[in-house]
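Participant:
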Amino acid sequence: MSENRGNFSGKIGFILAAAGSAVGLGNIWRFPYLAAEYGGGIFLLVYIVLALTFGFALMTAEIALGRKTGLSVVGAFSKLNKKFAFIGYLAAIVPMIILPYYSVIGGWVIKYAKEFILGNVADTVKSDYFTGFITGDVEPVGWFLLFIALTAIVVLFGVQKGVERVSKFLMPVLVILSLFIAVYGLFLPGAIEGVKYYFIPKFNQFSVKTVLAALGQLFYSMSLAMGIMITYGSYMKKDVSIESSVKSIEIFDTGIAFLAGLMIIPGVFALGNPATDLQSGPSLMFVTLPKIFDAMPAGRFIGIAFFAMVFLAAITSSISLMETVVSIVCDKLHIKRKTCCIFVFVGSVLIGLPSCLGYGVWGSVEIIGMQFLDFFDFISNSVIMPIVALLTCIFVGYVIKTKTLTDEIELSGPFKRKSLFNVMIKYIAPICIVLILLTSVLGAFGIFTI
95 MSENRGNFSG KIGFILAAAG SAVGLGNIWR FPYLAAEYGG GIFLLVYIVL
145 ALTFGFALMT AEIALGRKTG LSVVGAFSKL NKKFAFIGYL AAIVPMIILP
195 YYSVIGGWVI KYAKEFILGN VADTVKSDYF TGFITGDVEP VGWFLLFIAL
245 TAIVVLFGVQ KGVERVSKFL MPVLVILSLF IAVYGLFLPG AIEGVKYYFI
295 PKFNQFSVKT VLAALGQLFY SMSLAMGIMI TYGSYMKKDV SIESSVKSIE
345 IFDTGIAFLA GLMIIPGVFA LGNPATDLQS GPSLMFVTLP KIFDAMPAGR
395 FIGIAFFAMV FLAAITSSIS LMETVVSIVC DKLHIKRKTC CIFVFVGSVL
445 IGLPSCLGYG VWGSVEIIGM QFLDFFDFIS NSVIMPIVAL LTCIFVGYVI
495 KTKTLTDEIE LSGPFKRKSL FNVMIKYIAP ICIVLILLTS VLGAFGIFTI
C-alpha cells in the first residue's frame with residue numbers, strides 16, 4: 095500500500111465505514127416494499143440465506159482485491175492482470191453515475207426532515223405535495239446541492255479524519271434511531287398483524303421471482319460491484335480479518351434492512367391500507383409514510399426521527415460513493431486529494447442536474463421511456479453492476495484463481511468459509527448474476543417483470 099494513500103485505523107473503523115456504505119436508501123425504503131410484495135417472512139428468509147452465501151462471497155472477493163493491491167478499483171484489476179483492466183474502468187463508471195442521482199434523492203430526504211421539524215406534517219400528506227416538489231425548478235436543486243456539499247466536506251477531510259470519524263459517530267446513532275422507531279411502532283393498535291406477516295414465512299408464496307427479487311435487493315443494498323468495497327479494502331490493514339469484517343458488515347446491513355421492515359410494515363397494518371400502501375413502491379417513503387406518521391400518536395416526532403435516520407443512511411452511502419470516485423481520480427491523475435474532491439464535486443453537480451430537473455423543466459426528455467433519474471438508476475444498478483459482478487467472478491475464479499485471494503485473506507488468520515467462497519465465486523454466483531441481468535433487462539422492456 096503506497097504511503098500517500100489513507101487507511102483505516104483498525105477493524106472497527108473499517109467495519110463502520112463499510113457498513114455505512116452498505117446501509118443506505120436501499121435498506122430503508124426498497125427492502126420493506128419488496129418484503130411486503132413477496133410474502134413478508136419468506137422474502138426475509140430468502141434474503142438472509144443469500145446474504146450469508148452470495149453476498150458474503152462477492153463482498154469478500156472485492157475487499158480482498160482491494161487489500162492485496164492497495165489500489166482503487168481501476169488500479170486493482172490492472173495490477174493483477176493488465177488485460178482485464180477494463181473491468182476496473184467499467185466498475186468505476188457505477189459510482190460516477192449513482193452519486194449524482196443518489197444525492198438528488200438525499201436532498202428530498204432533507205426537505206422532508208425540514209418539513210417535519212417545522213411542523214408542516216399536514217402539508218406533506220397532501221396528494222400532490224411530493225409531485226409538486228420534485229417538479230419544481232429551483233427548490234429540488236437547492237436541496238440537492240446541500241446534500242452533495244455535505245458529502246464533499248466529509249470526504250475532503252480524508253479517510254480517517256473524514257470517512258472513518260463520521261461513520262463511527264453516525265452508524266451507532268442510525269442503529270439507535272432504527273430501534274426506537276421499530277419498537278414504538280410495535281405498540282400501535284393492529285401492528286401485531288404486520289409483525290406476523292413480516293416474521294412468519296409463507297412457503298406457498300415462494301417462487302423464482304422471490305429469489306430474483308431478493309438477489310436484486312442484495313446487490314443494491316450491499317454496495318457490490320461498484321468499486322466501493324475494493325476501495326475500502328485498499329485502506330485496510332493486513333492484520334485485520336477480512337472474513338470476520340464481512341460478517342460484521344452483513345449483520346449491520348441485514349439488521350438495518352430488517353429493522354426498516356419492522357418500522358414500516360406493522361405501521362401500515364396499524365394505520366394504513368396494507369393492500370395498497372405496501373405496493374406503492376418507491377413512493378412509499380415520500381407519499382405513503384407521511385400519511386402514516388400524520389395518523390400516528392406523536393407522529394411528527396416519529397417522522398423527524400425517521401427522516402433523520404434515512405438521512406444518516408443516505409449520507410454514509412453517498413460518502414462512500416464519493417470517496418470511491420475521489421480515490422480513482424487521485425490514483426489515476428496523481429493529484430492532491432483536495433483538488434480531486436473539488437473536481438468530483440463539480441462533476442457530480444453537473445451530472446446530477448438532469449436527474450434533479452428531470453421531473454420538471456426537463457420532464458419531456460426521456461431515455462428509452464425513462465426520466466433521467468430512473469434511467470441512471472436502471473443502467474447502473476440493473477445493467478452495469480451485474481456485468482461487473484459477473485466479470486469479477488470470472489476474473490477471480492478463472493484468471494487469477496481464487497487461491498490468489500484466499501491467500502490474502504489468510505494473512506490475518508484461518509479462512510473458515512474458504513470452500514463456500516470457492517464454490518460461490520466459480521459456479522453459483524455467476525449463474526445467479528446472469529439471471530439478475532436477464533431479469534432486469536427483460537423487465538425494462540416489459541418482457542418479464544419481477
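If you use my numbering, the sequence shown closes out at 544, no skipped numbers anywhere. Glycine residues also receive a C-beta, built at the ideal position from the N, C-alpha and C atoms.
(1) Could you name the residues of the same chain whose beta carbon sits closer than 6 Å to that of Tyr132, not counting the 5 residues immediately before and after it, in chain order?
(2) State buried or exposed for Gly104, treating a residue as buried only when at least 16 other CB atoms are found within 10 Å of its CB.
(3) So Gly107 and Ile324 are in contact, right, with Cβ under 8 Å, and what is the actual spacing, rounded?
(4) Looking at Ala158: is its Cβ nearer than 9 Å to the Cβ of Gly327?
(5) Between the beta-carbon of Ser411 and the beta-carbon of Ser476, is there less than 9 Å?
(6) Let's see if you can read the secondary structure: which residues bound the alpha helix (DSSP H) around Ala216?
(7) If you draw a straight line from the C-alpha of Leu152 to the C-alpha of Met379, how long is it?
(8) Note down, in chain order, each residue of its chain lying with its Cβ closer than 7 Å to the Cβ of Tyr521, except the 5 sequence neighbours on either side.
(9) May I ask you to report which of helix, strand or coil DSSP gives Met464?
(10) Suppose you measure from the CA of Ile409 to the CA of Trp202; what does that come to, to the nearest Å?
(11) Considering only residues of the same chain and omitting the five flanking positions on each side of Phe516, which have a CB-CB separation below 6 Å?
(12) State buried or exposed for Leu264, treating a residue as buried only when at least 16 other CB atoms are found within 10 Å of its CB.
(13) Identify whether Leu514 lies in helix, strand or coil by the three-state DSSP scheme.
(14) Tell me which residues share the same chain as Ser96 and place their Cβ nearer than 7 Å to its Cβ, disregarding the 5 neighbours each side in the sequence.
(15) Is the distance from the Cβ of Asn175 to the Cβ of Ser315 below 9 Å?
(16) Would you report the Cα separation of Phe466 and Met403, rounded to the nearest angstrom?
(17) Check whether the Cβ atoms of Gly310 and Ile530 sit closer than 9 Å, and answer yes or no.
(18) Of all the options Leu372, Gly349, Lys430, Ala170, which has the alpha carbon lying nearest to the alpha carbon of Ala129?
Facilitator: This is what the structure holds:
(1) Within the sequence shown, numbered from 1, the residue matching residue 132 stands at position 38. These residues qualify, in order along the chain: Thr304, Ala307.
(2) The sequence position of residue 104 within the sequence shown is 10, counting from 1. By the 10 Å Cβ count, Gly104 comes out exposed.
(3) Here the question's residue 107 lines up with position 13 in the sequence shown. Here the question's residue 324 lines up with position 230 in the sequence shown. In fact, because the Cβ distance is near 17 Å, the residues do not count as touching under 8 Å.
(4) Taking the sequence shown and counting its residues from 1, the one referred to as residue 158 is at position 64. Taking the sequence shown and counting its residues from 1, the one referred to as residue 327 is at position 233. It is a contact, given that the beta carbons lie within the stated cut-off.
(5) For the purposes of this step, residue 411 is taken as residue 317 along the sequence shown, with counting starting at 1. For the purposes of this step, residue 476 is taken as residue 382 along the sequence shown, with counting starting at 1. No, Cβ-Cβ distance for Ser411 and Ser476 is not below 9 Å.
(6) On the sequence shown, position 122 is the one that residue 216 refers to. Here the alpha helix (DSSP H) through Ala216 covers 215-218.
(7) What you label residue 152 is simply residue 58 of the sequence shown in a count that begins at 1. What you label residue 379 is simply residue 285 of the sequence shown in a count that begins at 1. When rounded, the distance between both Cα atoms is 29 Å.
(8) Your numbering for residue 521 matches position 427 in the sequence shown. Same-chain partners within the cutoff: there are none.
(9) Here residue 464 refers to the residue found at position 370 of the sequence shown. Correct three-state label for Met464: strand.
(10) Along the sequence shown, read from residue 1 onward, the residue named residue 409 stands at position 315. Along the sequence shown, read from residue 1 onward, the residue named residue 202 stands at position 108. Rounded to the nearest angstrom, the two C-alpha atoms are 12 Å apart.
(11) As a working mapping, residue 516 is identified with position 422 in the sequence shown. First, the amino acid is wrong: residue 516 is Asn here, not Phe. The residues are Thr496.
(12) To locate residue 264, count along the sequence shown from 1; it is residue 170. It is buried - the Cβ of Leu264 has at least 16 other Cβ atoms within 10 Å.
(13) Within the sequence shown, numbered from 1, the residue matching residue 514 stands at position 420. In the structure shown, Leu514 sits in a helix (DSSP, three-state: H, G or I).
(14) Here residue 96 is taken as the residue at index 2 of the sequence shown, counted from 1. Residue placement at Ser96 is poorly supported in this model, since its pLDDT is 45, which falls under 50; the coordinates still yield a value, given next. Closer than 7 Å at the Cβ level, and outside the excluded window around Ser96, lie Gly164.
(15) Numbered from 1 along the sequence shown, position 81 holds the residue referred to as residue 175. Numbered from 1 along the sequence shown, position 221 holds the residue referred to as residue 315. No, they are not a contact pair.
(16) For the purposes of this step, residue 466 is taken as the residue at position 372 of the sequence shown. For the purposes of this step, residue 403 is taken as the residue at position 309 of the sequence shown. Distance between the alpha carbons of Phe466 and Met403 is about 27 Å.
(17) Counting from 1 along the sequence shown, the entry for residue 310 is found at position 216. Counting from 1 along the sequence shown, the entry for residue 530 is found at position 436. In contact: Gly310 and Ile530 (Cβ atoms closer than 9 Å).
(18) The count along the sequence shown starts at 1 and reaches residue 129 at position 35. Nearest C-alpha to Ala129: Leu372.
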